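There are 2 protein chains.
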Amino acid sequence: MTAVDFSAFVDELATLSGAAILPFFRSSLAASDKNEGGLFDPVTEADRASEVVMRKRIREVFPHHGIVGEEFGSENADAEFVWVLDPIDGTKAFISGLPLWGTLIGLSRNGSAAYGMMNQPFTKERFFGDGGKATLKSPQGERTLKTRSCASLKDATLSSTSMTMFNAKEAEAFRRVEAAARLTRFGYDCYAYCMVAAGFMDLVIEANLKPYDVVALIPIIEGAGGIMTTWDGKPATEGGQIIAAGDKLIHAEALALLNR
Amino acid sequence: MTAVDFSAFVDELATLSGAAILPFFRSSLAASDKNEGGLFDPVTEADRASEVVMRKRIREVFPHHGIVGEEFGSENADAEFVWVLDPIDGTKAFISGLPLWGTLIGLSRNGSAAYGMMNQPFTKERFFGDGGKATLKSPQGERTLKTRSCASLKDATLSSTSMTMFNAKEAEAFRRVEAAARLTRFGYDCYAYCMVAAGFMDLVIEANLKPYDVVALIPIIEGAGGIMTTWDGKPATEGGQIIAAGDKLIHAEALALLNR
Chain A
41 MTAVDFSAFV
51 DELATLSGAA
61 ILPFFRSSLA
71 ASDKNEGGLF
81 DPVTEADRAS
91 EVVMRKRIRE
101 VFPHHGIVGE
111 EFGSENADAE
121 FVWVLDPIDG
131 TKAFISGLPL
141 WGTLIGLSRN
151 GSAAYGMMNQ
161 PFTKERFFGD
171 GGKATLKSPQ
181 GERTLKTRSC
191 ASLKDATLSS
201 TSMTMFNAKE
211 AEAFRRVEAA
221 ARLTRFGYDC
231 YAYCMVAAGF
241 MDLVIEANLK
251 PYDVVALIPI
261 IEGAGGIMTT
271 WDGKPATEGG
281 QIIAAGDKLI
291 HAEALALLNR
Chain B
41 MTAVDFSAFV
51 DELATLSGAA
61 ILPFFRSSLA
71 ASDKNEGGLF
81 DPVTEADRAS
91 EVVMRKRIRE
101 VFPHHGIVGE
111 EFGSENADAE
121 FVWVLDPIDG
131 TKAFISGLPL
141 WGTLIGLSRN
151 GSAAYGMMNQ
161 PFTKERFFGD
171 GGKATLKSPQ
181 GERTLKTRSC
191 ASLKDATLSS
201 TSMTMFNAKE
211 AEAFRRVEAA
221 ARLTRFGYDC
231 YAYCMVAAGF
241 MDLVIEANLK
251 PYDVVALIPI
261 IEGAGGIMTT
271 WDGKPATEGG
281 QIIAAGDKLI
291 HAEALALLNR
């Protein structure tokens, strides 16, 4: 079974999870909940409802596959195929009403990221890839995703979700890259990686990520011609300090600055 | 003629400007252009095409009205009614492929902001208001916009497009509010003001704004029950240092911190 065979199934998971989440997005419940200790937290409810429905469907169709999810932990995680799920990547964007969160559906095979989708059900955009190819399907049509070439940081658009994800040393390293980049923008979670894949940004640098934050994005970035590793150039699958670049030249330039 | 009479005309301007801009958004031309000194700058082309089409229509229908636009300056700016236009607010989001830019169509009457729309043609969302009421029309339907109550900065979500818009003293002032807020997010341009109007964020604090950055947003924020002023509590219509809040209580609390 090749990774390609899974694309229809991932589409099905995206449809199910989107239907589970959307009733909670920009709901009046979401807007009125201001208590951290309150009984009802809409984003957590949406997160859980989405992961439950995906887990259920995976168990039905692929009972021997493993599952690693943000909300309900790991099961059978040493299987050949493991689904790596983040039902809502970008919960802070979600609660702020911004359509930049996404559902990350990743599939790893023998520990390598094999297939991934970022589903944004509000804008109806699905970014997906298998490491060899990456595609965006949306109401505007279907297009092949291709990173753009960018030979030097001085021409690069850099992005990161928030400085608050970095410790002091990481923040200093990030600032060195920022100082060399043409433009830096914060605030876009998984959407920023997809904009690198689409060739509209050049670089995402983040830290403190979990496997479910990255496994779905690696086959999209790599399928579009980019590269995604840890800050020390190792495979990104375990998360941690992550860099995604559209062009190998600025990946190398940024790594040198991060590790100086 | 009351402000209400203009709503159909503003809808027409939004349709015209959206049609002028969208061919340039995420176009391969936009992606491939990396030369600051290049002959073709897609976002500038889109900006100009959009403003041209709006100016033309305004002149046809309301030849005695004034127009102030980002790209083509002012004409008849001391008329009773003046249209205040920013064809693409958020050009950096635009070139980065992010659907958070918007076309700002404002109408001031005798110097006061009377009617405004933020049109996001990619997500097909139109946020508009007249100071007494504010509405969102989108493919998801039509909803009245209402800010949420937030009595204290410690419960507030704060937003600002980028720290780079502040000078050193302004950055220090902003950091005082940020330290008191529950959550701060960067990167959303005009979209952040609309999320305050919709009750998903509480506060936007920015600086160095122009009249065309704010006139369209004031009747939306105020129509939703919020407040938008300069950092010293004066009318926001001229731009400069701007604060928009969903609740008067945190507006006052933030002003005290900004001016300490």
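Sequence order for the protein chains is A and B.
Quick note on this note's numbering: the first sequence kicks off at 41 and runs consecutively.
Quick note on this note's numbering: the second sequence kicks off at 41 and runs consecutively.
All C-beta atoms in this analysis are idealised placements derived from N, C-alpha and C, irrespective of residue type, glycine included.
Fair warning: this is a prediction, and the values are worked out from it, not measured in the lab.
Check	Outcome
Assuming Asp242(A) contacts Thr197(A) (C-beta within less than 8 angstroms), just tell me the rounded distance between them.	5 angstroms
What are the residues of the region 231-258 of chain B that lie near chain A, defined by any Cβ-Cβ distance shorter than 9 angstroms?	Tyr231, Ala232, Cys234, Met235, Ala238, Gly239, Phe240 and Met241
Which value, in whole angstroms, describes the spacing of the CA atoms of Pro161(B) and Thr84(A)?	30 angstroms
Rounding to the nearest angstrom, what Cα-Cα distance links Met235(B) and Gly137(A) in this structure?	6 angstroms
Please go through the region 66-145 of chain A and give each complete beta strand (DSSP E) segment of 3 or more residues, from N-terminal end onward.	106-109, 113-115 and 121-129
Between Ser202(B), Gly146(B) and Arg216(B), which has its C-alpha nearest Asp229(B)'s C-alpha?	Ser202(B)
Could you tell me the alpha carbon to alpha carbon distance between Gln180(B) and Gly172(A), rounded to whole angstroms?	35 angstroms
In angstroms with no decimal places, state the Cα-to-Cα distance between Arg113(B) and Val50(A).	Reading off the sequence, residue 113(B) comes out as Gly, not Arg. Whole-angstrom Cα-Cα distance: 50 angstroms.
Using a beta-carbon distance cut-off of less than 9 angstroms, what residues from the region 187-199 of chain B approach chain A?	Arg188, Ser189, Cys190, Asp195, Thr197 and Ser199
If the cut is a Cβ gap below 8 angstroms, which residues of chain B does Lys177(A) touch?	Chain B residues near Lys177(A): none, gap ~14 angstroms exceeds 8 angstroms.
Can you tell which of Phe65(A), Trp123(A) and Ile260(A) has its C-alpha closest to the C-alpha of Gly356(A)?	Past the edges of chain A, shown from 41 to 300, lies residue 356(A), and the structure says nothing about it.
Got a sec? Which residues, its chain only, sit under 6 angstroms from Asn75(B) by beta carbon, not counting five neighbours each side?	Interpretation of Asn75(B) is limited by its pLDDT of 48, a score under 50 that renders its predicted location unreliable; the figure taken from the coordinates is listed afterwards. The answer is none, since no qualifying residue turns up.
Give the DSSP-derived three-state secondary structure of Thr55(B) in the structure shown.	helix
Which residues, taken in chain order from the region 277-290 of chain B, show a beta carbon closer than 8 angstroms to some beta carbon of chain A?	none
By DSSP, does Val244(B) sit in helix, in strand, or in coil?	strand
So Thr270(A) contacts chain B; which residues on that side make the cut at Cβ distance below 7 angstroms?	Ordered by position in chain B, no residue passes the 7 angstroms Cβ test against Thr270(A), which lies about 24 angstroms from the chain.
So what does Pro275(B) bridge to, in DSSP terms?	Thr269(B)
Heavy atom of the ligand FAD less than 7 angstroms from the Cβ of Val92(A), yes or no?	This structure simply doesn't include the ligand FAD, nor any ligand for that matter.
With a threshold of 8 angstroms between beta-carbons, can Lys96(B) be considered close to chain A, or not?	no
Counting only the same chain and skipping the five closest in sequence on each side, list residues whose C-beta sits under 7 angstroms from that of Gly266(A).	Thr187, Val236, Ala237, Ala284, Ala285 and Gly286
How should Pro139(A) be labelled, buried or exposed, when 16 other C-beta atoms within 10 angstroms of its C-beta is the threshold for buried?	buried
How many angstroms separate the CA atom of Glu246(B) from the CA atom of Tyr252(B)?	14 angstroms
Between Ile145(A) and Leu257(A), is the Cβ-Cβ spacing less than 8 angstroms?	no
Between Glu262(B), Phe65(B), His291(B) and Trp141(B), which lies nearest to Gly273(B) when the distance is taken from Cα to Cα?	His291(B)
Comparing alpha-carbon positions, which option in Pro259(A), Lys288(A) and Ser67(A) lies nearest Tyr155(A)?	Pro259(A)
Under three-state DSSP, which class holds Lys177(B)?	strand
Less than 8 angstroms separating the beta-carbons of Met94(B) and Leu56(B)?	yes
Gly227(A) touches chain D at which residues, Cβ-Cβ below 7 angstroms?	Here the protein chains are A and B, and chain D is not one of them.
Would you say Thr184(B) lies against chain A (beta-carbon separation less than 8 angstroms)?	no
Please work out which residues of its chain come closer than 6 angstroms, Cβ to Cβ, to Leu342(B), disregarding the five sequence neighbours upstream and downstream, and give them in chain order.	This structure does not reach residue 342(B), given that chain B is present from 41 up to 300, and the question cannot be answered.
Starting from the C-beta of Ala296(B), find all residues in its chain whose C-beta is less than 6 angstroms away, skip the five residues before and the five after it, and write them out in chain order.	none
Is the Cβ of Pro139(B) closer than 8 angstroms to any Cβ of chain A?	yes
Which two residues bound the contiguous beta strand (DSSP E) that contains Ala340(A)?	No statement about residue 340(A) is possible, as the shown extent of chain A runs from 41 to 300 and does not include it.
Just checking: is the beta-carbon of Glu293(A) within a distance shorter than 8 angstroms of some beta-carbon in chain B?	no
Closer than 9 angstroms, Cβ to Cβ, to anything on chain A: give me those residues from the region 126-156 of chain B, in chain order.	Lys132, Ala133, Ile135, Ser136, Gly137, Leu138, Pro139 and Leu140
Please report how far the alpha carbon of Leu298(A) lies from the alpha carbon of Asp170(A), in whole angstroms.	28 angstroms
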